[in-house]
Amino acid sequence: MFDTEDRPAIRSMDYRGPNATAPPPLFRYCGDKETLDIVFPDWSFWGWAEINIKPWDSILEDVKHGNNKIKWIDREPYAYWKGNPFVDVNRQDLLKCNLTDQQDWNARLFIQDWILEGQQGFKQSNVADQCTYRYKIYTEGYAWSVSEKYILACDSVTLMVQPQFYDFFMRSMQPVEHYWPIRNDDKCRSLKFAVDWGNNHKKKAHEIGKAASSFMQEQLKMDYVYDYMYHLLNEYAKLLKFEPIIPEGATSCARR
Numbered sequence: 001m002f003d004t005e006d007r008p009a010i011r012s013m014d015y016r017g018p019n020a021t022a023p024p025p026l027f028r029y030c031g032d033k034e035t036l037d038i039v040f041p042d043w044s045f046w047g048w049a050e051i052n053i054k055p056w057d058s059i060l061e062d063v064k065h066g067n068n069k070i071k072w073i074d075r076e077p078y079a080y081w082k083g084n085p086f087v088d089v090n091r092q093d094l095l096k097c098n099l100t101d102q103q104d105w106n107a108r109l110f111i112q113d114w115i116l117e118g119q120q121g122f123k124q125s126n127v128a129d130q131c132t133y134r135y136k137i138y139t140e141g142y143a144w145s146v147s148e149k150y151i152l153a154c155d156s157v158t159l160m161v162q163p164q165f166y167d168f169f170m171r172s173m174q175p176v177e178h179y180w181p182i183r184n185d186d187k188c189r190s191l192k193f194a195v196d197w198g199n200n201h202k203k204k205a206h207e208i209g210k211a212a213s214s215f216m217q218e219q220l221k222m223d224y225v226y227d228y229m230y231h232l233l234n235e236y237a238k239l240l241k242f243e244p245i246i247p248e249g250a251t252s253c254a255r256r
């Protein structure tokens, strides 16, 4: 069974103890340490037509060209984020780190107006055109965010605000090797320290950004996404102890 809601639902605490039953194999886009949902690639790998985002293999090619167009050293030396802050309190807290007349935390934060973007044909939402800063911030929304892979592909240093959730590939990536971790309880100081450190250690900082984008290009290509899906489903199919049947009264919802 596949659940397309954002947050995981199979709580591990409900399946503990001597009389506990086995948890149902529910496939979902993300999980966390308190749940047992089985992580599976999300829909955006095949594109997000509603907001004019291409399939992942096309995005990888576009971002690769974009990375070559604007070298890391020539990018804006600040941390960039653009998104909807109203889906999560942590995103609203992040906005406190924006530039003001009194304080510069080295962050340049922008609110995404989806209504205006829609009216303008999502021309400002091309992810391949958003790799113009040395540092890009990833912060979760209601759950994990599909923006994660686009940010990591940018060659920029990903500043990852401590996440609660993980998707199917993120646990293969390591802090300081592929991204720079940001404290959730002290975002502004943590962001400023990360950017200052990177600007004072440009070679090492660029290596972190490059490691992440190389991972996206080489380890997250669509062939491997399909491999993961194939082997995951086949391994779980081997565990079945019953023959699946279409229940009586079921309605076909096949798309034509």
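Numbering (full-length UniProt numbering), first residue to last: 1 to 256. Heads up, the beta-carbon is just placed ideally off N, CA and C, and yes, glycines get one too.
*Skipping 5 residues on each side, what residues in its chain have a beta carbon closer than 6 Å to that of residue 190?*
Only 182, 183 meet the Cβ criterion.
*Are residue 253 and residue 143 touching if we call contact CB-CB under 9 Å?*
Cβ atoms of residue 253 and residue 143: not closer than 9 Å.
_Less than 6 Å between C-beta atoms, sequence neighbours within five positions excluded: which residues of the same chain meet that for residue 97?_
If we look at residue 97 and ignore the five residues flanking it on each side, its Cβ neighbours are 105, 107, 187, 188, 191.
_Contact check, residue 88 vs residue 21, beta carbons under 9 Å_ = Result no, Cβ atoms of residue 88 and residue 21 do not sit closer than 9 Å.
*In the DSSP assignment, find the beta strand (DSSP E) that holds residue 83 and state where it starts and stops.*
Counted as a single uninterrupted DSSP element, the beta strand (DSSP E) harbouring residue 83 occupies residues 76 to 83.
*Assigned exposure category for residue 38 - 16 Cβ within 10 Å defines buried*: Classification for residue 38: buried.
*Ends of the alpha helix (DSSP H) at residue 233?*
Residue 233 -> alpha helix (DSSP H) spans 222 to 237.
*Since I believe residue 75 is in contact with residue 158 (beta carbons under 8 Å), could you give me their beta-carbon distance rounded to a whole number of angstroms?*
Taking 8 Å as the upper bound for CB-CB distance, residue 158 and residue 75 are not in contact here, some 14 Å apart.
*How would you label residue 11, buried or exposed, when you count the other beta carbons within 10 angstroms and need 16 or more for buried?*
A residue is called buried once 16 or more other Cβ atoms fall within 10 Å of its Cβ, and residue 11, having fewer, is exposed.
*Measuring CA to CA, which of 220, 214, 234, 202 is closest to residue 72?*
Nearest of 220, 214, 234, 202 to residue 72, Cα basis: 202.
*State the beta-bridge partners of residue 31 as determined by DSSP.*
DSSP, once it has assigned bridges, lists 166 as partnering residue 31.
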